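*Asks:*
Number of protein chains: 2
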Amino acid sequence: MAADGFELSAFLPYRLNRAAEFVALRFAAQYKARYQLTRPEWRTLAALGSTSRPMTATEVGAHSAMHKTKVSRAVAALEKRRWLTRREDAGDRRIEHLELTKTGIRAYGELTELAARYQAELDTLIGPAGMQALAVGLDAVERAIGRFELPPSA
Amino acid sequence: MAADGFELSAFLPYRLNRAAEFVALRFAAQYKARYQLTRPEWRTLAALGSTSRPMTATEVGAHSAMHKTKVSRAVAALEKRRWLTRREDAGDRRIEHLELTKTGIRAYGELTELAARYQAELDTLIGPAGMQALAVGLDAVERAIGRFELPPSA
DNA sequence: AATCGATAGTTACGATTGCAACTAATATGC
DNA sequence: GCATATTAGTTGCAATCGTAACTATCGATT
Chain A
1 MAADGFELSA FLPYRLNRAA EFVALRFAAQ YKARYQLTRP EWRTLAALGS
51 TSRPMTATEV GAHSAMHKTK VSRAVAALEK RRWLTRREDA GDRRIEHLEL
101 TKTGIRAYGE LTELAARYQA ELDTLIGPAG MQALAVGLDA VERAIGRFEL
151 PPSA
Chain B
1001 MAADGFELSA FLPYRLNRAA EFVALRFAAQ YKARYQLTRP EWRTLAALGS
1051 TSRPMTATEV GAHSAMHKTK VSRAVAALEK RRWLTRREDA GDRRIEHLEL
1101 TKTGIRAYGE LTELAARYQA ELDTLIGPAG MQALAVGLDA VERAIGRFEL
1151 PPSA
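Residue numbers (the numbering used here), protein chains in the order written: chain A, 1 to 154; chain B, 1001 to 1154.
#1: Helix, strand or coil for A1144(B)? Go by DSSP, reduced to three states.
#2: Does A46(A) get closer than 8 Å to chain B when you measure Cβ to Cβ?
#3: Would the segment 17-24 of chain A count as touching the segment 1015-1023 of chain B if we require 3 or more Cβ pairs under 8 Å?
#4: Residue ranges of each beta strand (DSSP E) run of no fewer than 3 residues wholly in the segment 1096-1126 of chain B, ordered along the chain?
#5: So, is the C-beta of E1021(B) closer than 8 Å to a C-beta in chain A?
#6: Pick helix, strand or coil for L1084(B), following the three-state DSSP scheme.
#7: Quick one: which chain B residues come within Cβ less than 7 Å of G137(A)?
#8: Which residue wins for smallest C-alpha separation from L1122(B), given the options S52(A), E59(A) and E142(A)?
#9: Return the bridge partner residues of M131(A) from the DSSP annotation.
#10: Whose C-alpha, out of E41(A), A28(A) and Y108(A), is nearest the C-alpha of S170(A)?
#11: Kindly say whether G1127(B), judged by its beta-carbon, lies nearer than 8 Å to any beta-carbon of chain A.
#12: As a quick exercise: from G1146(B), T1124(B) and I1145(B), pick the residue whose alpha carbon is nearest that of L12(A).
#13: Spell out a yes or no on whether the segment 128-136 of chain A and the segment 64-83 of chain A are touching, meaning 3 or more CB-CB pairs, one atom from each, closer than 8 Å.
#14: Quick one: is T103(A) near chain B, going by C-beta distance under 8 Å?
#15: Please confirm if T58(A) has its CB atom under 8 Å from at least one CB of chain B.
#16: Quick one: list the residues of chain B neighbouring P54(A), beta-carbon separation under 7 Å, in chain order.
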């Protein structure tokens, strides 16, 4: 109806979500088929694999915009697979430092190969100009996110 | 560990998802609180409200990247609220043309006011350069999506 | 016109999710 | 130093979701 001046096709949450959903689903199909990994599990693995130092569950959640219960369950699943270990903080016993095991690091390495191939495919599909613009735009969003107060259910 | 050259922070599915999640959650909190609308319901309402002609459930799904069962349930919920009506296609009785009722249109109008305000807030937070870059980048993604074969679970 | 395959949409059911409440530990105010 | 608030992480439970199977219809083949 577009009675007022609102244009859904220009509404950022709508556009971002649509793009994210399409792009993520195709990749999810790959790691799901080969590794029986769920999306929260992959994201947790990726967050931990991408830095060389351990992270807490809270950090993983902030890093990948996941609810803490999702993280909690993903961590439990990855631990059961022996892809990560928990280590209690010496000073603060509420905190657990999460670290990938050798097996977990190897899995992360294999997954990132898939990811790199997928990224190359996206580069081709989207083109250098589009990717460049996205990088700039997403950087701006990142900076804005930093100024958000996080919603209760992140 | 970043053993290989892979950089998660540059991986498009990861970046897009993170941005989309943050941006969408804050808006969802608003329409959820005021209208008790779920995300699929809002998206269905938005899809139908944004064009002046009726759409089928399949079109709604393609339009907003939702699984058909999600659309089916959202349609049922909106119908129960009397925000939309179904009309059977004359030539093909499998197809239902979905249309907003007067009440539905009014609700859409109110929601788009919220949306417009939120978009303005985002404009400020992200800045004109960032928004412009995002628009260009997301356009490129849209064109690429057009060349995707849609994944089975869209 | 009977059969086979494809498509639109729904639904049963198991899996996943998020909210709220919980445990356990730390930080803060008095 | 004790009560209270806050934070990290987990879990019970109800709601939501996606897969697969289903109904109903249409199109194509023969």
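Glycine is no exception: its CB is placed at the ideal position from the N, C-alpha and C atoms.
Quantities reported herein were computed from a predicted structural model and do not represent experimental measurements.
*Replies:* With the given structure in hand:
#1: helix
#2: yes
#3: yes
#4: 1096-1100
#5: yes
#6: strand
#7: G1130, A1133, L1134 and G1137
#8: E142(A)
#9: According to DSSP, which records beta bridges pairwise, M131(A) is partnered with nothing at all.
#10: Nothing can be reported for residue 170(A): it is not among the residues displayed for chain A, which extend from 1 to 154.
#11: yes
#12: T1124(B)
#13: no
#14: no
#15: no
#16: What P54(A) touches in chain B: nothing, since even the nearest Cβ is about 12 Å away.
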